[in-house]
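Reminder that position 221 of the sequence shown reads as 221 in full-length UniProt numbering, one-by-one numbering, no gaps.
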Amino acid sequence: MTLLPLVSSQHTPSMPPASPSSPESMTTLAVRNANDVQAAINAAVAIGVQARPKGTSSTYEPRQLRWKNFCDRRGFADGLLVTEGKILLWLQEDIVLNGNQSKKKRDDKTPAKGKKNKKGKGKKGKEKETDDAAAAVEEETEAAAAEAVVANAPLASKTIDGYITAAVNLYSQQASLGINSAKHPRGDALSSYLDSLKRDDRKRKRENFEDRAAGTVQDGYTHEIFERINKYLLENPTSTYASRTRVTGRSSVRVLDSCAW
1 MTLLPLVSSQ HTPSMPPASP SSPESMTTLA VRNANDVQAA INAAVAIGVQ
51 ARPKGTSSTY EPRQLRWKNF CDRRGFADGL LVTEGKILLW LQEDIVLNGN
101 QSKKKRDDKT PAKGKKNKKG KGKKGKEKET DDAAAAVEEE TEAAAAEAVV
151 ANAPLASKTI DGYITAAVNL YSQQASLGIN SAKHPRGDAL SSYLDSLKRD
201 DRKRKRENFE DRAAGTVQDG YTHEIFERIN KYLLENPTST YASRTRVTGR
251 SSVRVLDSCA W
């Protein structure tokens, strides 16, 4: 998919070479050469878009479509042409303002669990119904709380930078086609704005006590997880390497405790 209008060119490769003996023939030759050069550029840009990895296309295309919708809604005189100022306006009015829409949408589609309870028989069946009902209420409460948080969840600065990258990719194509003569969008103003978003990111994580290593190679176990693992190994002493795993786990907890101090 491309959002770029290819520059029209009357490419006529079968035209015989014109003799440069007259001004008219020289003009015809210049026009033909200009058309051929533009056609070659158009083909190169189209091939580049088609040849890029699927993962890159699946990342860029939705964000570039969002850029198109923003430009159409705004009604810019220069259409979809990418500039630094328009990217800043796009981020402030649409991307940053609306936050993490994809995460909210994903949570909205998640069906509520625990609404259907099978009827048991006898005392155990009634106890099971009670436990299931309590679990269902707890799950629905947690889901509602999570949804309330997600509704206002801001985008990470890294994700916002991904939107900028998609717009810059569009700019590169426009510049190659000769339809965008503006300077590169990643100027001082955009870099300064992105730096401020990164600082806000770090501040928010500190205030929310978020683990900055979560989801990375530095991610590890919490004390609660260590306790659950230890409890499981105590209840299942015949498990393979149970004793060795417990010793290793306890050593890791001591290391964490010493680091905390």
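Just so you know, even glycine gets a beta-carbon here, dropped at the ideal spot from N, CA and C.
Burial state of residue i (16 or more Cβ within 10 Å)
i           : result
residue 84  : buried
residue 192 : exposed
residue 232 : exposed
residue 167 : buried
residue 80  : buried
residue 92  : exposed
residue 199 : exposed
residue 65  : exposed
residue 63  : buried
Beta-carbon proximity check, residue i vs residue j, cutoff 8 Å
i           : j           : result
residue 230 : residue 82  : no
residue 96  : residue 190 : no
residue 177 : residue 42  : yes
residue 90  : residue 70  : yes
residue 100 : residue 153 : yes
residue 87  : residue 23  : no
residue 236 : residue 60  : no
Below-8 Å beta-carbon distance, residue i vs any chain C residue
i           : result
residue 162 : Considering every chain present, this structure includes no chain C. It has just one protein chain.
*Within the stretch 42 to 67, ranges of the beta strand (DSSP E) (whole runs, at least 3 residues)*: none
*Do the stretch 41 to 61 and the stretch 169 to 181 meet, that is, are 3 or more Cβ pairs less than 8 Å apart?*
Segments in contact, yes.
*Would the stretch 162 to 169 and the stretch 196 to 208 be scored as touching if the rule is three or more Cβ pairs under 8 Å?*
By the Cβ rule, the stretch 162 to 169 does not count as touching the stretch 196 to 208, because fewer than three pairs are nearer than 8 Å.
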